[in-house]
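Reviewing the structure listed below.
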Amino acid sequence: GTDKFVLAMNMKGERTKDKRVRKAIRYAIDHKQIIASRGGTDLALGGPIPSLDPGYEDLTKLYPHDLHRAKALMKEVGFDESHPMDLTLTYPNIYGTQIGDQLRSQLKPIGINLKVNIVEFTTWLQDVYKNKQYDLSMVDHNESHDFGQWADPTYYYGYDNKQVQDLYAKAMLCADPKESNKLLAQAARIISEDAPADWLFNYRVVTAKVKNLEGMPFDMNQEILPLYNLRLS
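Read in our numbering, the sequence shown has 111 at position 35, and its numbers run on one by one without any break.
Structural data, given as structure tokens:
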């Protein structure tokens, strides 16, 4: 699927505008632990483009789980576990409490005191999406081909990178799909390296069927489930 659980870091936030803080957060997150706690069916995702979209490249090795690096970066900024930085994670209540609890626990050892603020979706839309008043935010971006959000500095991410904007514009005008994919992949790598977000995982739906059922779709089932081709063998 194309569902991306995005942990956005406000590029204009008092603390999160510092790239060292954003990088530290990415190094501190244990994606394997988060995915395992959800049943192990989701995929690790190291950048803004999911595997089914044009321009996908596996970027998970850019920020491997590394507490030593994370602590060193936070120390540069002047914080550690005995003198933590206060940050707030705001996300809609439709996602429950588990991920927020995990992130709070994973960021504590590097010197981040994470307050988890779980709100109604309408409140998230007003405070985060519209007014951009947040430190960290988490939401499932389930749209395919939505990479253009990262080329839009007015979007709630607040990410403004001229090189990315130019690459995206060229990709959209490119008639050659292969060349367009290369341009998108190049832009996605720049974004991931900048760490304006962490991509917690690529959500996948588990589909079960009986052995003699043919024609069952397995892709994008969280968006559409066409059953017209089902037949028993």
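Note that the Cβ used here is the ideal one computed from N, Cα and C, for glycine as well. This structure is a prediction, so every number in the text was calculated from the model and none was measured.
(request) Measure from the alpha carbon of L149 to the alpha carbon of each residue in R102, D228, L259 and N193, then state which is nearest. (result) R102
(message) In the DSSP assignment, the beta strand (DSSP E) including F155 goes from what residue to what residue?
(response) No beta strand (DSSP E) contains F155, which DSSP labels as neither H nor E.
(request) Look at the Cβ atom of L212, then the Cβ atom of A84, and state whether they are nearer than 8 angstroms. (result) Yes, these two residues count as a Cβ contact at 8 angstroms.
(request) Look up P124 in the DSSP assignment and say whether it is helix, strand or coil. (result) coil
(request) May I ask you to list the residues that DSSP assigns as paired with M85? (result) BP columns for M85 point to L212.
(request) Quick one: residues in its chain with C-beta nearer than 6 angstroms to the C-beta of H217, no 5 flanking neighbours on either side, listed in chain order? (result) K80 and V82
(request) State the DSSP-derived secondary structure class of I194, mapped to helix, strand or coil. (result) strand
(request) Verify whether the separation of the beta carbon atoms of I188 and I110 is less than 8 angstroms. (result) no
(message) Using 8 angstroms as the threshold, is the C-beta distance between M214 and Y139 below it?
(response) Not in contact: M214 and Y139 (Cβ atoms no closer than 8 angstroms).
(message) Could you compute how far the alpha carbon of V192 sits from the alpha carbon of T230?
(response) 25 angstroms
(message) Between which residues of its own chain and N257 is the CB-CB distance below 6 angstroms, once the five residues before and five after are set aside?
(response) P130 and G131
(request) Would you kindly work out how many angstroms separate the C-alpha atoms of Q178 and S268, rounded to a whole number? (result) CA-to-CA, the gap between Q178 and S268 works out to about 22 angstroms.
(request) Would you mind sorting N86 into buried or exposed? The rule is 16 or more other CB atoms within 10 Å of its CB. (result) Per the 10 Å Cβ criterion, buried.
(message) If contacts are defined as beta-carbon pairs under 8 angstroms, then Y232 and V204 qualify, I think. What distance do you get, rounded to the angstrom?
(response) 6 angstroms
(message) Quick check on DSSP: helix, strand or coil for I170?
(response) helix
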